[in-house]
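Reviewing the structure listed below.
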Amino acid sequence: MMQKVFSLLTVMLLGVLLSPFVNAAEGVQSLRGGVEIADDSVPPKLDKWRHDDEPIARDYVQQPPLIPHRVDRYVINKKFNKCLTCHSWSNYKASGATKVGQSHFLEHDGSESANVAGRRYFCLQCHVPQMQVDPIVGNDFKPIKLLDR
Ligand code: HEC
Ligand code: HEC
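Counting with my numbering, you get residues 0 to 148 for the letters of the sequence shown.
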């Protein structure tokens, strides 16, 4: 009986000790504003597209180049890939776009496809378009100087 009372007291004491941490979640101000953790926030409207521009300098050798144009109406689905109407090896000359890299034809097993490999088909997995907005969090990242290769 005595033991039961003790363990009950321990549990209650733990509860009291931990309660500030539980309550701390309420009213936290984060990048989502004062929205409660369990609630959905309204995403900010991003509509200031970077307009068609020159290629953006890369910060490191393996970087997928950033996209210097808007892409909001470009469809990519099983049958059609709008990006390839300009960036494929058959269309790049007429459109004035860079052709997709040679690496985009390599399959997972090392074989080379005639068409863009499945794992490179969904371009926006790696290439990201840009908006004209001030960064929410400052960043003073500086790339190392690229060696000429
Ligand atoms: C109407 C033609 C057109 C379409 C469609 C298009 N692009 Fe482009 N893209 C261009 C042109 C022109 C440039 C600027 C010249 C260049 O660097 O290729 C460019 C640049 C780029 C670059 C920068 C290349 C570099 O070397 O820095 C990337 C990455 C890119 N586009 C990806 C995409 C993706 C992903 C899509 C589909 C969501 C897409 N593009 C659709 C014409 C197009
Ligand atoms: C898995 C990531 C990934 C996907 C998916 C992908 N790319 Fe890339 N892309 C890269 C990387 C990394 C580079 C830079 C190195 C290289 O050329 O392989 C690159 C380079 C490029 C370049 C510049 C090539 C050059 O010679 O400078 C273009 C243009 C491009 N990609 C377009 C596309 C398009 C269009 C698609 C969709 C059909 C696509 N990429 C899908 C990762 C990706």
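Glycine is no exception: its CB is placed at the ideal position from the N, C-alpha and C atoms.
Beta-carbon gap between residue i and residue j smaller than 9 angstroms
i    : j    : result
I66  : H126 : yes
V99  : L123 : no
R72  : W48  : no
I135 : Y59  : no
V115 : S87  : yes
P63  : I55  : no
L45  : M130 : yes
P75  : F121 : Sequence check: residue 75 is Ile here, not Pro. Yes, they are a contact pair.
V41  : G33  : no
First and last residue of the uninterrupted alpha helix (DSSP H) at residue i
i   : result
K92 : Y91 to S94
H86 : L83 to H86
Residue i, buried or exposed, once every other Cβ within 10 Å from all chains shown has been counted against 16
i    : result
H156 : Residue 156 falls outside the range modelled here, since the chain spans only 0 to 148, and no answer is possible.
R118 : exposed
Heavy atom of ligand 4 within 8 angstroms of residue i beta-carbon
i   : result
N90 : Ligand 4 is absent from the structure shown, which contains only ligand 1 and ligand 2.
Quiz prompt | Length at least 4, wholly inside the segment 30-116: the alpha helix (DSSP H) runs in chain order | solution = 83-86 and 91-94
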